[in-house]
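A short worksheet on the structure shown next.
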Amino acid sequence: MSPRAHRHALRKQQLAMACCLALAFPLAAQAQQAEAAPAEQSVETLDTVRVTGIRAAIATAVETKNESTSIVEVVSAEDIGKLPDISIADSISRLPGLTMQRVDGRAQVIHIRGMSEQFGGTLLNGREQVSTGGSRGVELDQYPAELINGVTVYKTPDASLVGQGLSGTVDMQSIRPLDFDGRRITFSGQGEYNSLGKLIDGSSDKGYRASASYVDQFANDTIGFAIGVARMDSPFQEQQEKAWWWGNPDTWGAPQAGKPADAVARQAGEASLKSRDITRDGVMAVFEFKPSDTFHSILDVYHSTFDQDEVENSIMWNNDPWWRDAGGNPATYTNVGTTTVGGVPVVTSGTLNNVGALNMLNEVNTREDKLFSAGWANTIKWGDIYTLKTDLSYSRAESTRSMLELQSAFGTPRTIDFNLQTGKGFNSFNIPGLDDPTQIYLGMDAMGWGRDGRTDVASTEDTLKSGRIELNRLVESSDFLRSYDVGVNVTRRNKDRDYVAYYVDLKNGRTPIRMDAVPHGHASMDFIGLGNVINFNARDLLGRFYDLRYQASENDLMKNYGIGEDIKTFYAKANIDLDMTDTIRLRGNVGVQYVRSEQSSTGPTVADIDPDPQAFDWVIAGGQTIGTSYGDILPSMNLAADFGDGLLLRFAAAKTLMRGPIEQMGAYTTASVSEVTHEWSGSGGNPKLEPYRATAYDLSLEKYFGPTTYAALAVFYKDIETYTYTEEVDWDFTGYDDLGIPAISNWGKFSTPVNGSGGYMRGAELSGAIGGDMIHPSLDGFGLLLNASYTESSIDPDGPGGSSTDTLPGLSKVVANATVYYEKHGFSARISQRYRDEYRGEYASLFGDRIYQNTMAESTMDLQVGYDFPETSKLSGLSVLLQVNNVTNEPYRTETTAGGIDQTIFLPSEYKEYGRQYLLGFRYKL
Numbered sequence: 007m008s009p010r011a012h013r014h015a016l017r018k019q020q021l022a023m024a025c026c027l028a029l030a031f032p033l034a035a036q037a038q039q040a041e042a043a044p045a046e047q048s049v050e051t052l053d054t055v056r057v058t059g060i061r062a063a064i065a066t067a068v069e070t071k072n073e074s075t076s077i078v079e080v081v082s083a084e085d086i087g088k089l090p091d092i093s094i095a096d097s098i099s100r101l102p103g104l105t106m107q108r109v110d111g112r113a114q115v116i117h118i119r120g121m122s123e124q125f126g127g128t129l130l131n132g133r134e135q136v137s138t139g140g141s142r143g144v145e146l147d148q149y150p151a152e153l154i155n156g157v158t159v160y161k162t163p164d165a166s167l168v169g170q171g172l173s174g175t176v177d178m179q180s181i182r183p184l185d186f187d188g189r190r191i192t193f194s195g196q197g198e199y200n201s202l203g204k205l206i207d208g209s210s211d212k213g214y215r216a217s218a219s220y221v222d223q224f225a226n227d228t229i230g231f232a233i234g235v236a237r238m239d240s241p242f243q244e245q246q247e248k249a250w251w252w253g254n255p256d257t258w259g260a261p262q263a264g265k266p267a268d269a270v271a272r273q274a275g276e277a278s279l280k281s282r283d284i285t286r287d288g289v290m291a292v293f294e295f296k297p298s299d300t301f302h303s304i305l306d307v308y309h310s311t312f313d314q315d316e317v318e319n320s321i322m323w324n325n326d327p328w329w330r331d332a333g334g335n336p337a338t339y340t341n342v343g344t345t346t347v348g349g350v351p352v353v354t355s356g357t358l359n360n361v362g363a364l365n366m367l368n369e370v371n372t373r374e375d376k377l378f379s380a381g382w383a384n385t386i387k388w389g390d391i392y393t394l395k396t397d398l399s400y401s402r403a404e405s406t407r408s409m410l411e412l413q414s415a416f417g418t419p420r421t422i423d424f425n426l427q428t429g430k431g432f433n434s435f436n437i438p439g440l441d442d443p444t445q446i447y448l449g450m451d452a453m454g455w456g457r458d459g460r461t462d463v464a465s466t467e468d469t470l471k472s473g474r475i476e477l478n479r480l481v482e483s484s485d486f487l488r489s490y491d492v493g494v495n496v497t498r499r500n501k502d503r504d505y506v507a508y509y510v511d512l513k514n515g516r517t518p519i520r521m522d523a524v525p526h527g528h529a530s531m532d533f534i535g536l537g538n539v540i541n542f543n544a545r546d547l548l549g550r551f552y553d554l555r556y557q558a559s560e561n562d563l564m565k566n567y568g569i570g571e572d573i574k575t576f577y578a579k580a581n582i583d584l585d586m587t588d589t590i591r592l593r594g595n596v597g598v599q600y601v602r603s604e605q606s607s608t609g610p611t612v613a614d615i616d617p618d619p620q621a622f623d624w625v626i627a628g629g630q631t632i633g634t635s636y637g638d639i640l641p642s643m644n645l646a647a648d649f650g651d652g653l654l655l656r657f658a659a660a661k662t663l664m665r666g667p668i669e670q671m672g673a674y675t676t677a678s679v680s681e682v683t684h685e686w687s688g689s690g691g692n693p694k695l696e697p698y699r700a701t702a703y704d705l706s707l708e709k710y711f712g713p714t715t716y717a718a719l720a721v722f723y724k725d726i727e728t729y730t731y732t733e734e735v736d737w738d739f740t741g742y743d744d745l746g747i748p749a750i751s752n753w754g755k756f757s758t759p760v761n762g763s764g765g766y767m768r769g770a771e772l773s774g775a776i777g778g779d780m781i782h783p784s785l786d787g788f789g790l791l792l793n794a795s796y797t798e799s800s801i802d803p804d805g806p807g808g809s810s811t812d813t814l815p816g817l818s819k820v821v822a823n824a825t826v827y828y829e830k831h832g833f834s835a836r837i838s839q840r841y842r843d844e845y846r847g848e849y850a851s852l853f854g855d856r857i858y859q860n861t862m863a864e865s866t867m868d869l870q871v872g873y874d875f876p877e878t879s880k881l882s883g884l885s886v887l888l889q890v891n892n893v894t895n896e897p898y899r900t901e902t903t904a905g906g907i908d909q910t911i912f913l914p915s916e917y918k919e920y921g922r923q924y925l926l927g928f929r930y931k932l
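Going from the sequence shown to the working numbering is simple: count from 1 and add 6.
What follows is the structure, given as structure tokens:
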């Protein structure tokens, strides 16, 4: 076993052993009970036990999982507006086979069974939702946890599940007011603090959260109304240090003076501070009307705004041998120390001299998102055997993101003392003069970017309209067929992206301005030994010192496109329920979907109109609308054999699909006809890209011991028939703008994402919930939730012959979660730990792009302690709660391979810390 593969082996073994031992406890307890009394076979719902809070939420989740015909995982609210974590993503990432990806220090997107958010579907009350980002993946931090009553994750689909994903489907549910037996009014508030403090002048380390909800029934419980509002003003801080790349330039004939021969060295890097303030306002309203048992109508409306203001200070430098100062001299090394990594000497300490390419950036970034979702569902029953359901829904997301960066630099080259880690931890540096305004200038363009700053604005609008009708008929004459459903769903989705960028130049011919003539403050970079550095608010200086210059790159212009999808889903499903023997009951469903898809995109043809081959002047020279259509037949089957006494065996099989990444489907292109050969060629998006398709098989053995106790072992196999790779292919350019140059044929070469061969995804999941009273009466109130999963894939995301080090985006081979809780006499406490193995993460990046990074394993811990005042107290209805998120301040880390050597060694790339998040607050029920 290699050192890298061995890195987490012990931790994985300990987690797996802990899960196996813990899941054995309820089995032993049941064996003891069986000796005292004969086992009773039962196929009924789990016994009803009056519990509240944490145990009530677990009991509801366990019961839902038990009764479902599909293989599902469930999170239920402990009370109105009280999910078990501070965010939806945090809550569901603790479920078996699921984990979350931290973005900007917070749980934002969910990975299901080793696949990124691009492969999962997201629903609200059973309706597909749009996204605020450039991809399909829904950012769950847009939905306040206080307004969601529960979440069901479907790991296996049935024919009536519309909007399903390839990896799974997340369905968030709001409350139903007629499910309550009276009026409920709750409100809550929390103060928030980030342990990193104020990193930048003018930033904040404190915030708050507040929510309120009202639920009531009228007209003899035939009308129900619920409304909830939630506000979050939350600070997020970030300390980051990053290596751009590591390599041995000696291999390429570029030795570096003072560097030991054939040693690997860090060739460029950066350090940064970020302070963010996030404000989110959300409102959820539900109107429910049920005048009789034959008619039921529900109207749901959700709206939220999400505003993020971010200030960033960064320092970056380039010391590779090809970068020279004004005199033509490269950077050199002195006092070099090395560390051997994988048999290769790596430079880890010393001094860099004559570093001229040292730049400082001050950034102000903003994000404004708006979400709206509405749905109206009606259920009509007649003749005791027919049920007609209709559903109309609308979902819209609008997002505007802007970035402004201004450069500053020293007037002369610098020396940089450094001490680098080859493992976990921040590096340390010394760069004299970072806090001296007489040595630093606005402008200077130390990196040679041809500008003194840059600003851009990216906007996205995503809308989805959907209509659905379904008929259910009971079948009373059959011994196995209980009912069947037939239905049709029609969806229209449009997603439009607009992007514009400008260069920012200092006035007076880009003349540098010394920093002591500029309003400025300070920020602390003590975390890497740099002390105080100068910072300023870029927005405040923009109009006073700078002019804007329109300058668009090829990539910038190709971010302007629109995509439309018309999807018609026809489905039929037979619902099965029969007694196979006196003790075995079989229930489930068999069905099929036919999905007819029509998609098109309108995008620009981008061309360089500068006659100088060494210069570029990119413009939108034309455009086109390109599309395609196709159909899919998707059979599915879910069967659950109930052997009584809480023992179930489930089997599921289905063909599934997930539409391709939206950002790859635009009709943007550089395609053109050669003036010499009159042949087509180019690159760009693929409006004809078809979905990922797979056939999935699942098997789950489950044992339910009581309301809060169960154990389950599941295995799955997905035969992913098609995956998407970027390749140069023969392409039909019919419909593309030829810009007035005739072509000898509509066929040519095109580099674009295409549907290629896939591979398998397979894995196993072990999970369980244990109530302490199942082990011994003295442990009443204690409980344990455990799960661990292993997933592997044969797919190389770079295509056949690609890099052997890359993995499928979102795939962590090992994921594990553990929660220990106690709840009794009003007191509650819970501590949770989440582990995920290393993975390839997908992230939003600079200038509206998306990137992949090899993200290292992480283990995050969260804690909460609360107290509910009893009904006999004058403070009855009041509860207090302390929560600590990221208790151990777990860093975010990435690694990269080194270039210029024969061996494959991994060295640190990015290292971030976000600090601990403390929340202290109250909740009051009337």
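Glycine included, every Cβ here is placed at the ideal spot set by N, Cα and C. Fair warning: this is a prediction, and the values are worked out from it, not measured in the lab.
First and last residue of the uninterrupted alpha helix (DSSP H) at residue 70: Under the DSSP assignment, residue 70 falls in the alpha helix (DSSP H) whose first and last residues are 59 to 73.
Entirely within the stretch 277 to 326 and at least 3 residues each: give me those beta strand (DSSP E) ranges in chain order. The stretch 277 to 326 contains, as complete beta strand (DSSP E) runs of 3+ residues, the segments 301 to 324 (chain order).
Residue interval of the beta strand (DSSP E) (run including residue 500): Residue 500 -> beta strand (DSSP E) spans 487 to 512.
Where do the N-terminal and C-terminal ends of the alpha helix (DSSP H) with residue 562 fall, by residue? Secondary structure note for residue 562: its alpha helix (DSSP H) is the uninterrupted segment 560 to 563.
Quick one: grab the DSSP three-state call for residue 134. Here residue 134 sits in strand by DSSP.
Taking the alpha-carbon positions, what's the residue 683 to residue 465 distance? For residue 683 and residue 465, the gap between their C-alpha atoms comes out near 39 Å.
Would you report the Cα separation of residue 124 and residue 82, rounded to the nearest angstrom? Taking the CA atoms as reference points, residue 124 sits about 25 Å from residue 82.
If the criterion is Cβ atoms closer than 8 Å, does the pair residue 629 and residue 611 meet it? Yes, they are a contact pair.
For the alpha helix (DSSP H) that contains residue 550, what are its first and last residues? First-last of the alpha helix (DSSP H) with residue 550: 544 to 551.
Looking at the strands, I want to know which residues DSSP matches up with residue 80. Its beta-bridge partners are 158.
Given a cut-off of 8 Å on the beta-carbon distance, is the pair residue 564 and residue 540 in contact? The Cβ atoms of residue 564 and residue 540 lie no closer than 8 Å to each other.
If you draw a straight line from the C-alpha of residue 819 to the C-alpha of residue 845, how long is it? Inter-residue distance for residue 819 and residue 845 is about 8 Å (C-alpha atoms, whole angstroms).
Which two residues bound the contiguous beta strand (DSSP E) that contains residue 677? No beta strand (DSSP E) holds residue 677; DSSP gives it neither H nor E.
Hey, how far is the Cα of residue 233 from the Cα of residue 291? Roughly 4 Å between the two C-alpha positions.
Cα separation between residue 431 and residue 533? Each residue's Cα considered, the two are about 10 Å apart.
Going by beta carbon distance, what residues of the same chain come within less than 6 Å of residue 824, once the five residues before and after it are set aside? Leaving aside the five residues that flank residue 824 on each side, the residues in its chain whose CB is nearer than 6 Å to its CB run, in chain order, 792 and 839.
Minimum length 3: unbroken beta strand (DSSP E) runs contained in the stretch 789 to 851: Listed in chain order, they are 820 to 830, 833 to 842 and 845 to 850.
Length of the line joining the Cα atoms of residue 175 and residue 128: Straight-line measurement puts the Cα of residue 128 at about 6 Å from the Cα of residue 175.
What's the gap between the Cα of residue 211 and the Cα of residue 384? Rounded to whole angstroms, residue 211 to residue 384 spans 47 Å at the Cα level.
Close beta carbons around residue 513, own chain, < 7 Å, minus the five adjacent residues each side: Sequence-distant partners of residue 513 (beyond 5 residues in either direction) whose C-beta falls short of 7 Å from its own C-beta, in its chain, are 551, 552 and 553.
When the Cα of residue 886 is compared with those of 571, 898, 895 and 872, which residue comes out closest? Of 571, 898, 895 and 872, the smallest CA-CA separation from residue 886 is found for 872.
Short Cβ contact (8 Å threshold) for residue 916 with residue 896: When the beta-carbon positions are compared, residue 916 and residue 896 stay at least 8 Å from each other.
Return the CA-CA distance between residue 523 and residue 570, expressed in angstroms with no decimal places. Between residue 523 and residue 570, the C-alpha separation is close to 52 Å.
Just verifying my parser: in three-state terms, what is the DSSP assignment at residue 166? DSSP places residue 166 in coil when its eight states are reduced to three.
Reduced DSSP category for residue 875 - H, G, I as helix; E, B as strand; rest coil: Coil at residue 875, not helix or strand.
Would residue 279 and residue 323 qualify as a contact pair, given that the criterion is a beta-carbon distance under 8 Å? Taking 8 Å as the cut-off, the beta carbon of residue 279 is found no closer than this to the beta carbon of residue 323.
Beta bridge counterpart(s) of residue 606 as assigned by DSSP: Beta-bridge pairing links residue 606 to 570 and 633.
Looking at residue 681 and residue 624, is the spacing between their C-beta atoms short of 8 Å? In this structure, residue 624 sits away from residue 681, with a CB-CB distance that is not shorter than 8 Å.
Beta-carbon contacts of residue 37 that lie in its chain and below 7 Å, excluding the five residues immediately before and after: Because residue 37 carries a pLDDT of 40, less than 50, the predicted location of this residue cannot be relied on, and no value is offered for it.
DSSP three-state call for residue 180: helix, strand or coil? Three-state DSSP puts residue 180 in coil, outside helix and strand.
Whose C-alpha, out of 310, 769 and 296, is nearest the C-alpha of residue 286? Answer by Cα proximity: 310.
In whole angstroms, what separates the C-alpha of residue 258 from that of residue 802? For residue 258 and residue 802, the distance between alpha carbons rounds to 28 Å.
Quickly, what does DSSP pair residue 647 with across the bridge? List them, please. In the DSSP assignment, residue 647 forms a beta bridge with 592 and 655.
Please list, in chain order, all residues of the same chain as residue 247 whose beta carbon is under 6 Å from its beta carbon, the five residues on each side excluded. Closer than 6 Å at Cβ, skipping near neighbours: 277, 432, 433, 534 and 917.
If contact is defined by three or more beta carbon pairs under 8 Å, each pair taking one atom from either stretch, is the stretch 722 to 729 in contact with the stretch 766 to 775? By the Cβ rule, the stretch 766 to 775 counts as touching the stretch 722 to 729, because three or more pairs are nearer than 8 Å.
To the nearest angstrom, report how far apart residue 627 and residue 679 are at their CA atoms. Going from the Cα of residue 627 to the Cα of residue 679 covers about 13 Å.
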